[in-house]
Amino acid sequence: MTGLDSWLKQATRHLSKDSAVQVRTEIEEHYESAREAAISGGATIDGAHRLALTALGNAKTANCQYRHVLLTSAEARMLRDGEWEARVVCSRSWLKWLLVAAPVAAVLAAAVLFLTGAFALARVALVGGIGLSPLFAAPLLPVYTPSRSRVYRRAKWVALIGTLALAFGPDALKWSWLMISCLWPIAWIEWTRASIRRKLPVAKWPKQLYL
Amino acid sequence: MHEPSHGYRIAQTIKERSQGVLDFKEGTLYPALHKLENEGLVESYDGVEKGRPRRYYRITKSGRGTLTRDRAEWRELSRAVTMILGRA
Chain A
4 MTGLDSWLKQ ATRHLSKDSA VQVRTEIEEH YESAREAAIS GGATIDGAHR LALTALGNAK
64 TANCQYRHVL LTSAEARMLR DGEWEARVVC SRSWLKWLLV AAPVAAVLAA AVLFLTGAFA
124 LARVALVGGI GLSPLFAAPL LPVYTPSRSR VYRRAKWVAL IGTLALAFGP DALKWSWLMI
184 SCLWPIAWIE WTRASIRRKL PVAKWPKQLY L
Chain B
250 MHEPSHGYRI AQTIKERSQG VLDFKEGTLY PALHKLENEG LVESYDGVEK GRPRRYYRIT
310 KSGRGTLTRD RAEWRELSRA VTMILGRA
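Chains as they are written, first to last, in my numbering: chain A, 4 to 214; chain B, 250 to 337.
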């Protein structure tokens with residue numbers, strides 16, 4: 004393995020396949036130009052190689068900076084999975100309507116439970132139905148601009164936190180560890196999506212990035 | 250600096266114009282260019298120079314606006330610092 008190969012290996016660590024190819028192409032191109040310039044300036048072949056490699060600097064530093072601006076393998080995987088989910092939902096209209104029907108069913112169940120006197124259960128079903136509706140109805144909502152996306156995301160978080168707070172009632176603080184455990188996976192997805200949004204131009208955003 | 254240029258030439262231009270003062274590590278230039286591209290301040294396209302494929306970068310309209318603002322801000326700050334140091 005040459006010095007450049009090991010530099011590239013370190014600089015492309017944890018980057019997605021496409022990002023790694025992009026980094027390899029631009030750095031190899033740069034390295035060749037620097038090497039040629041050094042040779043035409045009178046350096047030996049070995050000396051030119053060393054000069055070009057030294058000029059690139061620390062591969063770990065470059066990797067850290069690349070991970071801030073190019074998609075990482077985890078982010079690319081999330082995009083792929085999201086596209087697969089969207090395809091599955093969009094290609095089956097019954098599934099789309101089932102997702103919309105779920106919160107409606109929860110609200111109806113709450114009404115039935117309320118009439119039968121099971122007030123505590125009715126409250127959980129009602130709050131769950133209303134609170135989770137932004138998540139279930141997401142594929143059908145006309146959210147396809149960055150400003151609508153911001154509004155939707157804020158509403159989603161208010162609904163989620165409100166749902167949990169109302170579901171647990173006065174014991175919400177006591178059960179905060181459970182609430183945090185419930186929200187953690189959603190928060191992690193949200194964090195990763197925010198990172199992807201910074202890295203992709205709006206024109207390339209898939210639907211999932213708006214949600 | 251306003252005409253399209255590839256990464257290596259940009260790095261050399263910065264070093265030459267700063268007379269070696271801004272001697273940065275060239276591996277960190279591309280992440281900076283990608284950041285500007287993500288922000289819509291520069292755009293890139295593929296080209297060929299002396300038979301070799303190259304990635305060129307050029308400033309966008311929005312990038313020119315940002316450059317004008319940042320340049321004015323920098324001149325003001327630099328003038329202020331020079332005045333302070335001149336009186337010290």
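Backbone N, C-alpha and C fix where the C-beta goes; we use that ideal spot for every residue, glycine too.
field: Paired residues, beta bridge with Ser254/B - DSSP
entry: Paired residues: Tyr306/B.
message: By the 8 Å beta-carbon criterion, what residues does the stretch 302-316 of chain B contribute toward chain A?
response: Taking 8 Å as the Cβ-Cβ cut-off, the stretch 302-316 of chain B approaches chain A at Pro302, Arg303 and Arg304, given in chain order.
message: Tell me which residues share the same chain as Leu135/A and place their Cβ nearer than 7 Å to its Cβ, disregarding the 5 neighbours each side in the sequence.
response: Excluding sequence neighbours, Leu135/A sits near Pro106 and Thr166.
- request: Give me the Cα-Cα distance between Glu86/A and Tyr279/B, rounded to the nearest whole angstrom.
  value: The alpha-carbon atoms of Glu86/A and Tyr279/B are separated by roughly 29 Å.
query: Would a C-beta distance cut-off of 8 Å place Leu290/B and Gly312/B closer than the cut-off?
result: Yes, they are a contact pair.
query: For Ala77/A, which option in Ile199/A, Ile164/A, Trp100/A and Ala168/A has the closest C-alpha, if you only look at C-alpha atoms?
result: Nearest to Ala77/A by alpha-carbon distance, out of Ile199/A, Ile164/A, Trp100/A and Ala168/A, is Ile199/A.
- prompt: The alpha helix (DSSP H) with Tyr213/A in it runs from where to where?
  reply: Counting along the chain, the alpha helix (DSSP H) containing Tyr213/A begins and ends at Lys210 to Tyr213.
task: Determine the DSSP secondary structure at Tyr279/B, reduced to helix, strand or coil.
output: Three-state DSSP puts Tyr279/B in a helix.
- request: Decide if Ile30/A is buried, meaning its Cβ has at least 16 other Cβ atoms within 10 Å, or exposed.
  value: By the 10 Å Cβ count, Ile30/A comes out buried.
query: Is there at least one Cβ from chain B nearer than 8 Å to Gly6/A's Cβ?
result: Closer than 8 Å: no.
query: Using the rule of at least 16 other Cβ atoms within 10 Å of the residue's Cβ for burial, across every protein chain shown, is Arg318/B buried or exposed?
result: Exposed, by the Cβ-count rule.
query: For Arg239/B, which of helix, strand or coil comes out of DSSP?
result: Any property of residue 239/B remains undetermined from this structure, which presents chain B solely from 250 to 337.
- request: For His33/A, count neighbouring C-beta atoms within 10 Å of its own C-beta (all shown protein chains included) and say buried if the count is 16 or more, exposed if not.
  value: The residue in question, His33/A, is buried, as its Cβ has 16 or more Cβ neighbours within 10 Å.
- prompt: Is the CB-CB distance between Ala23/A and Thr277/B below 8 Å?
  reply: Taking 8 Å as the Cβ cut-off, Ala23/A and Thr277/B do not qualify as a contacting pair.
field: Boundaries of the beta strand (DSSP E) in which Val297/B is found, first to last residue
entry: From DSSP, the beta strand (DSSP E) with Val297/B extends over Val291 to Glu298.
task: Grab the span of the alpha helix (DSSP H) containing Ser96/A for me, first residue to last.
output: For Ser96/A, the enclosing alpha helix (DSSP H) begins and ends at Ser96 to Leu118.
task: Show which residues of chain B have a CB atom less than 7 Å away from the CB atom of Lys202/A.
output: Listed along the chain, the chain B residues whose CB falls inside 7 Å of the CB of Lys202/A are Asn287.
Start and end residues, alpha helix (DSSP H) containing Glu29/A: Unbroken alpha helix (DSSP H) run through Glu29/A: Lys20 to Ser43.
message: For Leu82/A, which residues in the same chain have their Cβ closer than 7 Å to its Cβ, ignoring the five residues on either side in sequence?
response: The residues Ile199 and Pro209, in chain order, have a CB closer than 7 Å to that of Leu82/A in the same chain once the five nearest residues on each side in sequence are set aside.
- prompt: What's the C-alpha gap between Phe171/A and Val115/A?
  reply: For Phe171/A and Val115/A, the gap between their C-alpha atoms comes out near 20 Å.
- request: For Ser150/A, count neighbouring C-beta atoms within 10 Å of its own C-beta (all shown protein chains included) and say buried if the count is 16 or more, exposed if not.
  value: Exposed, since its Cβ has fewer than 16 Cβ neighbours within 10 Å.
task: Could you list which residues in chain A have their beta carbon closer than 7 Å to that of Tyr257/B, in chain order?
output: Ordered by position in chain A, the residues that pass the 7 Å Cβ test against Tyr257/B are His33, Ser36 and Ala37.
query: For Arg16/A, does the three-state DSSP call read helix, strand or coil?
result: Arg16/A falls in the coil class under three-state DSSP.
query: Going along the chain, which residues of the stretch 261-282 of chain B sit with their C-beta nearer than 7 Å to a C-beta in chain A?
result: Of all residues in the stretch 261-282 of chain B, only Lys274, Glu275, Gly276, Thr277, Tyr279 and Pro280 come within less than 7 Å of chain A when Cβ atoms are compared, listed by chain position.
query: Name the chain B residues that come within less than 7 Å of Val72/A, Cβ to Cβ?
result: Per Cβ cutoff of 7 Å: Pro280, His283, Lys284 and Asn287.
- request: Specify the secondary structure class of Thr75/A as computed by DSSP and reduced to three states.
  value: Here Thr75/A sits in strand by DSSP.
Among Leu11/A, Lys177/A and Cys93/A, nearest to Ala141/A - alpha-carbon criterion: The residue with the shortest Cα to Cα distance from Ala141/A is Cys93/A.
- request: Could you spell out the range, first to last residue, of the alpha helix (DSSP H) harbouring Val146/A?
  value: Here Val146/A belongs to no alpha helix (DSSP H), and DSSP marks it neither H nor E.
task: Return the CA-CA distance between Asn2/A and Arg53/A, expressed in angstroms with no decimal places.
output: Residue 2/A is absent from the model: chain A starts at 4 and stops at 214.
message: Less than 8 Å between the C-beta atoms of Gly131/A and Ala158/A, yes or no?
response: Note that the C-beta distance between Gly131/A and Ala158/A is not below 8 Å.
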